[in-house]
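Written below as structure tokens is the structure these notes are about.
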Amino acid sequence: MAGLNVSIAFFFLVLGTCEAFRRLSKRLLAPGLLVCLAAELAGSLQLCSGCLELRMLLEIGPWGGLGPDVVLTLLFLLFTVHTACANGAATNPTVSLQEFLLFECSLVATVAKLLAQCVGAGMGWALTKLYWSWELTQLHLIQNLMASECSSSIRTSPHLGALVEAACSFFFHLILLRVRRSPAVCRLPVLAATVTFLTYVAAPATGAFFNPALATASTFLCAGSSLQDYIQVYWLGPLAGMLAALLLYQGNIPRFFQKNLLYGQKSKYRIPKARVTHAEDGEQQQKGKGGKSNPAPRA
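Residues -20 to -1, 1 to 279 in mature numbering (1 follows the signal peptide of the UniProt record, and there is no 0) are what the sequence shown lists, from first letter to last.
Here it is, written out as structure tokens:
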């Protein structure tokens, strides 16, 4: 349990540092793109550091008496807190690309966000490596011994791995599109439960990243797979899943197609033509009957 307490303290330390950076950037920077980029940088650093520590607990934790249920519970809580404190940051390249395809963000801002996310993930990787080098627990000592020869997270064929990552990204983005306008009290636990479930199902195959920036910082430097395999699984797979979710939800991709490709456009107002016709016929018949049965009054 001592190792778990140290990990929880690390989570709180990173969260407090990133939150202080976000508040400081709001005060010092003019509102606009720079504040947004600062939020993306801080959010990606926070997400990458937390996920790397959780991945370490998931892989080495059983040796220290920590089961997967503890790690998944921590993942649910951390993702809930991360989303609540993200200040609107996507911290995921596929989410930023989705906003671009929905005309919610310009091309320049999207490219800047992608760069900030990659830099933030790299900083999170460096910070976590430094934290592990202190060997505060026995789990970190084992992690340092294994870090020199880390293995790839792709434990299946690249084609199947890309399909797994695409499926995870598809379900995540489909639910994100459905709940993104909902109140935070509903949106946060739904997204956290989705990420936790997808991680539980897909982690044995690919690690269940479905976040290209996070995957790049976490596993691209490990031996066992080529750069082409990494790009296919962790970049093209999530991108394809996002496009499929957007197409299914919207019926089109607004940036590329104006016409709805899947769903027909229905008129907002319905005119009951048949009922109007029957009513007019009934009025004409009643007038005819009334003319015969009701003679003009006598003087």
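We put the CB at the ideal spot given by N, CA and C, even for glycine.
Buried or exposed (CB count within 10 angstroms, at least 16 for buried), residue i
i     : result
H139  : exposed
T53   : exposed
E129  : exposed
V(-7) : buried
S162  : exposed
K109  : exposed
G100  : buried
L207  : exposed
A203  : exposed
V213  : buried
A147  : buried
Cβ shell of residue i (< 8 Å), same chain only, five flanking positions each side left out
i    : result
T136 : V144, A185, T186
S247 : In this prediction, S247 scores a pLDDT of 47, lower than 50, which makes its location untrustworthy; no coordinate-derived value is stated.
L58  : F(-10), G30, L34
T74  : S149, H153, F190, N191, P192, P218, L219, G221, M222
Residue i, enclosing alpha helix (DSSP H) - first and last residue
i    : result
T199 : 192 to 199
Y111 : 87 to 113
E129 : Per DSSP, E129 belongs to no alpha helix (DSSP H) and is neither H nor E.
Q230 : 217 to 230
A22  : 13 to 40
L80  : Strictly speaking, residue 80 in this sequence is Phe, with Leu absent from that position. Segment 73 to 81, the alpha helix (DSSP H) holding F80.
Q208 : 207 to 211
Own chain residues within Cβ distance below 7 Å of residue i, not counting five before or after
i    : result
K6   : V15
G231 : N240, L241, L242, Y243
E115 : L121, N124
Rounded separation between residue i and residue j - CA only
i      : j    : result
I(-13) : W112 : 14 Å
C(-3)  : T63  : 13 Å
L13    : R160 : 21 Å
L171   : Q78  : 16 Å
G(-5)  : G23  : 12 Å
T(-15) : T117 : The amino acid at residue -15 is misidentified as Thr; the sequence shows Val. Taking the straight line joining both Cα atoms gives about 8 Å.
M126   : C166 : 40 Å
G47    : S133 : 20 Å
W215   : F237 : 23 Å
Y229   : V88  : 26 Å
C85    : W105 : 28 Å
C28    : T179 : 15 Å
T60    : T174 : 11 Å
Cβ-based neighbour list, residue i, same chain, cut-off 6 Å, excluding 5 preceding and 5 following
i     : result
M103  : L25
T176  : L52, L55, F56
A18   : S5
E20   : A69, K93, A96, Q97
Y210  : F200
A(-1) : none
Residue i - DSSP class collapsed to helix/strand/coil
i      : result
S162   : coil
S149   : helix
A(-12) : helix
A66    : coil
A(-1)  : helix
A182   : helix
A10    : coil
A203   : strand
R135   : coil
P277   : Residue placement at P277 is poorly supported in this model, since its pLDDT is 46, which falls under 50; the coordinates still yield a value, given next. Coil, per DSSP.
F59    : helix
L121   : helix
G141   : helix
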